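Report on the structure given below.
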Amino acid sequence: MMLRLAPMLIVTLLVAPILAGLAMALLPAFGYLPALGGEAFSLAPWRALAAQPGIGRSVAISLAGGLVATAISLSVVLLYLAAASGSRLDRWIRRLVSPLLSIPHAAAAFGLAFLIAPSGLLARLASPSMTGWERPPDLLIVQDPWGLSLIAGLVIKEVPFLLLMSLAALPQLDAERRVAMARSLGYRPAIAWLKVVAPALYPLIRLPVFAVVAYASSVVDVAMILGPTLPPTLAVSILTWFSDPDLDQRFLASAGAILQLGVTATALLAWWGLERLMASLMKAWIARGGRRRGETSLHLTGKLWILLATGVAFAGLGGLAITSVAGFWRFPEALPRSVTPDHWAQALPALGGPLASTALIALGATLLAAVLVLAALENEQRTGRTASKALWLLYLPLIVPQIAFLFGLVVVMEQLGTRPTHGLIIFGHLLFVLPYVFLSLSEAYRRIDPRWTRLALTLGASRNAVFWRVRLPMLLAPLLTACAVGLAVSIGQYLPTQLLGAGRVTTVTTEAVSLAAGGNRRVIGVWALVQACLPLVGFVIAIGLPKLLWSNRRGMQGAP
Amino acid sequence: MTTPHRLELRDVRIQLSGKTLVSLDTPIAPGEVLTVMGPSGSGKSTLLAYLAGFLAPEFQASGRVLLDGRDITALPAERRGIGLLFQDPLLFPHLSVAGNLRFGMPRAGADKAARVDQALAHIGLAGFGERDPATLSGGQKARVALMRLLLSAPCAVLLDEPFSKLDTHLRQAMRRLVFDRLREAGLPSLLVTHDREDAEAAGGRVIELSS
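In the order they appear, the protein sequences are chains A and B.
So that you can map any letter, position 209 of the first sequence is 209 in UniProt numbering, and since no number is skipped, the others follow by simple counting.
So that you can map any letter, position 67 of the second sequence is 67 in UniProt numbering, and since no number is skipped, the others follow by simple counting.
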């Protein structure tokens, strides 16, 4: 009975908060919020918004940054898949995708910042021999006004996401046979891949790509670390207004939230236009029938860019690690003169509380999500109906900008008199954890051979027994992986924790991001590294536990 | 295991969008193996799915299935008391050999462990209880699958081309083992196959379906 309610429950849990949140951003945006004395509708918030210094530039950076970051990420992924399918680099990259994806955005952004800052690792390695710099140059590299470092930070995180989505979709396409066919007609491999596989792959990863556009145009934590400051991106400005002690600023923030919704919608619309354009260009390129020209450069760029993206991510983590134990470290020296545990020793007492909060919230949200997803998938198995049409609803929390609805959701909660508790934050995280858990588990669940169920039933097992004694143990590995993904998503959340917790619940992530403004690198190094390592614990368990449990069951090895 | 059971198909007719695929009206006596033959697409597997209780909703079925005089047409698969032997042995990969045998045993039965040991000895696999099923040979897997079916104490058995994936020499031995056991247990059985030798080895009536 409960099972049949699961799909409805999931849809309600995902859609209702978003609609309520949007509504409660829309009303104050037009001056109506009785609790704060806004009794009548007016356009005053919008006039105030238009009068904000640099608002035009904020919007432009959010819009352009989102589109450029997505375009670069997608190009890197497609060129890599075209150039490297089946090579040694390919196997190596595939193994790195999941850990890369699990690094929280904030930690990756800090890593990048430590790498490219004027006094960062890159400048140190090149100085003074190549640059002649004896002291850090006076350059605005991190937080540059054009948002270039912001775009770079987004790209290193979105590349693994799009890559994983593509790798999950590719088996449906029988890519090897398509490429082999094209090669027998004289096409070089990378060109063949781009001409016969890419056009079929894109429709399958379109929703994830839209999610990237939406995320990149409205991100808060990465923009606080890497984005421009005068003015910041629109999303960061909104958060500043919302957090202002002067409650009248809430009207301004609401108008900003609705504007952000418009900016993201515009970005998606522009992306749709780009899709049309690319489609017709591709059509012409394919029709021209070129088979060889450009193969070498495709091969090189395909491999080079993915190496750069993954290399930067890992070098950034290395930078965090070095900084967190660095003693005295004069500028052009590539490595610190001494290593000290002091920063860790100082941070440790403060780590306990946030660490416990992070774990509690992540485990709570993931557990809830796993139960709901299992119930929905089990219901699908029993009724034989797949709810494929509802799938786009799963992407709703990933496509509607967080800042636009979370913030109205806080107003709803305030109206209801709900106090900021861990429970409320778990519920907020569930919105983002649930889609990822569903997306990572559904494939494995639907692929399981139906004969196992029939066999178990004819042996007299009840429907419930089939679930507990057959399906669950057989799917343990993918289930644990899905949970690890859920944990990683929850651990990386900044905005829901910050807003729904009203700043009173600190997690490792909110603490790390709030340190960004302080600028004490050693302490940031410690917190960002802890944040980066936490999700790895989940993945280690997800990979290790099934290996341990099924060490004596060969038929269970090699399952994903 | 020795009480004789009786399966009756009364005016069973299965249709797909108005076209009749299978039409059968016959009893199957205790210990009898009825063979249904036909090319692929003739509705053999549909018939099995119907009898086992897994018929896909796009098919329309009429008629009744009686097991020991009891109408089981509307019962869900797990309460029909009909066992199924597949083409593949399908030993649960996460359970040991003994775990597989225990899976279908009725809950009430006492001294399960002893019966499992006895059953393993019966099929020449004494001491194999704790083994990983993936480490067994094809013939051993097939025997475990058969024993798992028998231990679940079904009242009738459906055989879905159970020998088609075995080597020729194994096939002979397995046929003999399966049919002897079914007869011994007094189980009415329905064998679906496209291999004439299967039908001959079964030694019962043969019904041909046309495509």
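Built from N, CA and C at the ideal position, the CB exists for glycine as well.
Computed from a predicted structure; not experimentally measured.
Cβ-Cβ separation, Ala216/A to Leu154/A (assumed contact under 8 angstroms), whole Å: So it is a contact: roughly 5 angstroms between Cβ atoms.
Simplified DSSP assignment, three categories, for Gln346/A: helix
Residues bridged to Asp246/A (per DSSP): Paired residue(s): none; Asp246/A is not in a bridge.
Ser189/B, enclosing alpha helix (DSSP H) - first and last residue: Where Ser189/B is concerned, there is no enclosing alpha helix (DSSP H), although the beta strand (DSSP E) it sits in stretches over Ser189 to Thr193.
Exposure label - Pro560/A; buried when at least 16 CB within 10 Å: At Pro560/A the pLDDT is 40, less than 50, meaning the model places this residue with poor confidence; the figure from the coordinates comes in the next sentence. Exposed, because fewer than 16 other Cβ atoms sit within 10 Å of the Cβ of Pro560/A.
Met1/B at chain A interface by Cβ criterion, 8 angstroms: Bear in mind that a pLDDT of 46 at Met1/B, under 50, signals an unreliable position, so the number given afterwards is only what the model happens to contain. So no, Met1/B is outside the interface.
Cβ-Cβ distance between Ser442/A and Leu377/A below 8 angstroms: yes
Separation of Ala512/A from Gly503/A, as counted between CA atoms: Cα-Cα distance, rounded: 13 angstroms.
Cα-Cα separation, Leu553/A to Leu136/B: The residue asked about is misnamed: residue 553/A is Arg in this sequence, not Leu. Rounded to the nearest angstrom, the two C-alpha atoms are 12 angstroms apart.
Three-state class that DSSP yields for Ser62/B in the structure shown: Strand, per DSSP.
For Ala64/A and Ile541/A, the rounded distance between their alpha carbons: For Ile541/A and Ala64/A, the distance between alpha carbons rounds to 39 angstroms.
Under 7 angstroms by beta carbon: chain B residues contacting Pro478/A: None at all; the shortest Cβ gap to chain B is about 13 angstroms.
The region 66–79 of chain A in contact with the region 210–229 of chain A per 3-pair CB rule at 8 angstroms: Judged by Cβ distances under 8 angstroms, the region 66–79 of chain A makes contact with the region 210–229 of chain A, as three or more pairs qualify.
Contacts that Ile207/B makes with chain A (C-beta to C-beta distance below 9 angstroms): By Cβ distance, chain A contributes nothing, its closest Cβ being about 22 angstroms from Ile207/B, past 9 angstroms.
Length of the line joining the Cα atoms of Phe539/A and Pro171/A: Cα-Cα distance, rounded: 23 angstroms.
Leu480/A versus Leu431/A - alpha carbon distance: Roughly 19 angstroms between the two C-alpha positions.
For Leu112/A and Ala106/A, the rounded distance between their alpha carbons: 10 angstroms
Sub-8 angstroms separation of residue 566/A and Arg124/A beta-carbons: Within the shown structure, residues of chain A are numbered from 1 to 560, placing residue 566/A beyond reach of any answer.
N-terminal and C-terminal residue of the alpha helix (DSSP H) that Ile55/A is part of: Ile55 to Ala84
Beta-carbon proximity check, Phe402/A vs Leu495/A, cutoff 8 angstroms: As written in the sequence, residue 402/A is Gln, which differs from the Phe given in the question. In contact: Gln402/A and Leu495/A (Cβ atoms closer than 8 angstroms).
Residue nearest to Asp90/A in terms of C-alpha spacing, selected from Ile103/A, Leu163/A and Ser119/A: Leu163/A
Cross-chain neighbours of Ala461/A in chain B, by beta carbon under 8 angstroms: Glu78, Phe103 and Gly104
Beta-carbon neighbours of Ile123/B, restricted to chain A and to distances below 9 angstroms: Residues of chain A passing the Cβ test: none, with the nearest at roughly 17 angstroms.
Which listed residue (Phe114/A, Leu74/A and Ser440/A) has its alpha carbon closest to that of Gly519/A: Phe114/A
Cβ neighbour criterion (16 or more within 10 Å) applied to Asp25/B: exposed
Cβ-based neighbour list, Asn379/A, same chain, cut-off 8 angstroms, excluding 5 preceding and 5 following: Excluding residues within five positions, the ones whose Cβ falls inside 8 angstroms are Leu3, Arg4, Ala6 and Pro7.
CB contact below 8 angstroms: Gly555/A versus chain B: yes
Span separating the alpha-carbon of Glu200/B from that of Met556/A: 38 angstroms
Residues that Gly83/B bridges to, as DSSP identifies them: Val157/B
Where Gly83/B meets chain A, residues with beta-carbon distance less than 8 angstroms: Thr458 and Leu459
Beta-carbon spacing of Ile156/A, Ala309/A below 8 angstroms: yes
Chain B within 8 angstroms of Asn379/A, Cβ atoms only: no
Secondary structure of Lys157/A, DSSP reduced to three states: Lys157/A falls in the helix class under three-state DSSP.
Inter-residue CB distance, Gly21/A and Leu406/A (contact presumed, cutoff 8 angstroms): 6 angstroms
Cβ contact (3+ pairs, closer than 8 angstroms) linking the region 229–244 of chain A and the region 190–204 of chain A: no
Contact check, Ile524/A vs Leu534/A, beta carbons under 8 angstroms: No, Cβ-Cβ distance for Ile524/A and Leu534/A is not below 8 angstroms.
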